[in-house]
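Reading the sequence shown from the start, the letters are residues 1 to 428 in the UniProt record's numbering.
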Amino acid sequence: MLQAEAEWQRLQELCAEQEQEHSTSVRCLEESIHEKEVQIKELKETIFELEDQVEQHRTVRLHTNQTILDLEGQIKKLEEQKLNLEKQLKALSRQMKDETEEWRRFQADLQTAVVVANDIKVEAQQEVRGLRRRLQEEQERNMNLEAELEQLQGGRCVSRRQQCDEVDSSDTDGSPRWCGISVSQTGSPSSEPGATVKSLIKSFDSGVHTVAIHSSTRSPLSGIPVRTAPAAAVSPIQVPSCLPAHHGSHLTCMDLSYKLPGLSDDLKPSTLMRKSPSLESVIKTPGSLGSRTASLSYPKANSKLSVERKDPLAALARQYGGSKRNALLKWCQRKTEGYPNIDVTNFSSSWSDGLAFCALLHTYLPAHIPYQELISQDKSRNLTLAFQAAESVGIKPSLDLSEMLHTDRPDWQSVMQYVSQIYKYFET
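See the structure below:
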């Protein structure tokens, strides 16, 4: 019994120890389970966070791929632009080279023109000096002739009065007389006055061309025809309207009318019996008529030139005929002939797209207008190029660009005024 009790007690103690161990292990397991559950929760949260990060990375990757595609498209566009710019650069280089060559040719032509102009100027100055010398010589000769005429007139004034008085008292004389001056029938002069008459007529007949009496001369400075006084106006001897033609007579009515044309009714023998003050004023100043006529001839030519300068369209209208508007329109049609897409029929709709302006200015400023690159649909570029090209040479833009862009039928008067400015600048 004692052994059994001892064995039982030992077994109880063993069971207690095992129970205590089991409870301890259970507590450890429970703590471990709790820790595992906490770890599981943490892992689940980590999984959720990782899934979110994955989604974010996918979104970022898609955005990055799209950005890459956009950048590739931009790269292609930039490459195309680069090619276009290279082409434009080559074209501009060629154009610059052509313009440089043209400018060199222009400078050479300009230098040649300056040299020629200087030569012409020197020749013209020499010619003007020569003409002035000739004019001075002719004026001196004219003054000498005037002095001679005054001397002859003063010396013969008294004798002419006496001879005219003798005509009234000697109506029965057989030989023809003219204011007391006998006309010889034998071919030789019978008195000194008759010889003087013939010598005067011969001198006027031979010297009339040298002193420019009763002839159409030209002013040496202007080239304008000047009508000078007739020989009868400066002759101190009055010629009758009808003189009998005897056999052997040297002075007949026909001869005198041929040698001294332009006789008026005031110079008939009936008026020669008295001294005419108006005739004396003409005789004393024979060069006054030519100078007055020349002074009247200058303003006519100058006024014509000044009118053409003030209104160049008037000369254009005379050239083409019709009104100034139609003449300017015909001029525009002639200048733009051969340009594509140009049909100038009026001053309104034909100019709305700007191509007509560009074509017109391209004929004068080809470097400013790249006409081959222009199209009628690009109104803004066409008008801008045209206005800038015109303004670069000093033609002020009188048209409103915004108004031209928003209408297909601009005001024809404004367009015509602007085209007139272009014509006046380049053609006058």
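Note that CB positions come from ideal geometry on N, CA and C, so glycine has one too.
Query: Using the rule of at least 16 other Cβ atoms within 10 Å of the residue's Cβ for burial, across every protein chain shown, is D408 buried or exposed?; Result: exposed
Query: So what's S420 in DSSP terms, helix, strand or just coil?; Result: helix
Query: Distance, Cα to Cα, D353 vs S420?; Result: 19 Å
Query: Along the chain, where does the alpha helix (DSSP H) containing K330 start, and where does it finish?; Result: K324 to K335
Query: Are the CB atoms of A389 and L361 nearer to each other than 8 Å?; Result: yes
Query: Please classify F48 as buried or exposed, where buried requires at least 16 other C-beta atoms within 10 Å of its C-beta.; Result: exposed
Query: Could you compute how far the alpha carbon of E13 sits from the alpha carbon of E45?; Result: 48 Å
Query: Quick check: E99 and A314, are their CB atoms within less than 8 Å of each other?; Result: no
Query: I'd like the list of long-range same chain contacts for T363, defined as Cβ closer than 6 Å, with 5 residues on each side in sequence excluded.; Result: K335
Query: I want to know whether the segment 376-393 touches the segment 341-355 - three or more CB-CB distances under 8 Å.; Result: yes
Query: In terms of residues, what are the limits of the alpha helix (DSSP H) holding E373?; Result: Unbroken run through E373: none, as it is neither H nor E.
Query: Let me know the beta strand (DSSP E) ranges lying completely inside the segment 372-406, each 3 residues or longer, listed in chain order.; Result: none
Query: Is it right to say Y425 is buried, meaning 16 or more other beta carbons lie within 10 angstroms of its own, or is it exposed?; Result: exposed
Query: So Y418 and P312 are supposed to be a Cβ contact under 8 Å. How far apart are they, rounded?; Result: The pair is not a contact, with the Cβ atoms about 15 Å apart (cut-off 8 Å).
Query: Using the three-state DSSP reduction, which class does H368 fall into: helix, strand or coil?; Result: coil
Query: Short of 8 Å in beta carbon distance, which residues of its chain neighbour A356, apart from the five on each side in sequence? Order them along the chain.; Result: C332, T336, I342, V344 and S350
Query: Could you tell me if A294 is buried or exposed, where buried requires 16 or more neighbouring beta carbons within 10 angstroms of its beta carbon?; Result: Residue confidence is low: A294 scores 41 on pLDDT, short of 50, so the model does not pin down where it sits. Its coordinate-derived value is still stated next. By the neighbour-count rule (16 or more Cβ atoms within 10 Å), A294 is buried.
Query: Where does G155 sit, in a helix, a strand or coil, going by DSSP?; Result: helix
Query: Quick check on G130: does DSSP put it in helix, strand or coil?; Result: helix
Query: Return helix, strand or coil for Q18, following the three-state DSSP convention.; Result: helix
Query: Which residues in the same chain have their Cβ closer than 6 Å to the Cβ of E403, if we skip the five residues on either side of it in sequence?; Result: none
Query: Judging by CA-CA distance, which residue of L365, E138 and P410 is the nearest neighbour of I395?; Result: L365
Query: Identify, in the order they occur along the chain, each residue of the same chain with its Cβ nearer than 6 Å to the Cβ of A327, setting aside the five sequence neighbours on each side.; Result: L316, A317 and Y320
Query: Are there 16 or more other CB atoms within 10 angstroms of the CB of A386, so buried, or fewer, so exposed?; Result: buried
Query: Using the rule of at least 16 other Cβ atoms within 10 Å of the residue's Cβ for burial, across every protein chain shown, is L71 buried or exposed?; Result: exposed
Query: Figure out for me which residue from Q81, E19 and A91 has the closest Cα to the Cα of E373.; Result: A91
Query: Given a cut-off of 8 Å on the beta-carbon distance, is the pair S348 and P410 in contact?; Result: yes
Query: In three-state DSSP terms, what is V415?; Result: helix
Query: Using the Cα positions of E138 and K121, report the straight-line distance between them to the nearest angstrom.; Result: 25 Å
Query: What's the C-alpha gap between residue 434 and L399?; Result: As shown, the chain starts at 1 and ends at 428. That puts residue 434 outside it, with no answer to give.
Query: Which runs of the beta strand (DSSP E) spanning at least 3 residues fall entirely within the segment 81-118, listed in chain order?; Result: none
Query: At which residues does the alpha helix (DSSP H) containing P312 begin and terminate?; Result: P312 to Y320
Query: Name the two residues that bound the continuous alpha helix (DSSP H) containing F347.; Result: Looking at the DSSP string, F347 is not in any alpha helix (DSSP H), and its letter there is neither H nor E.
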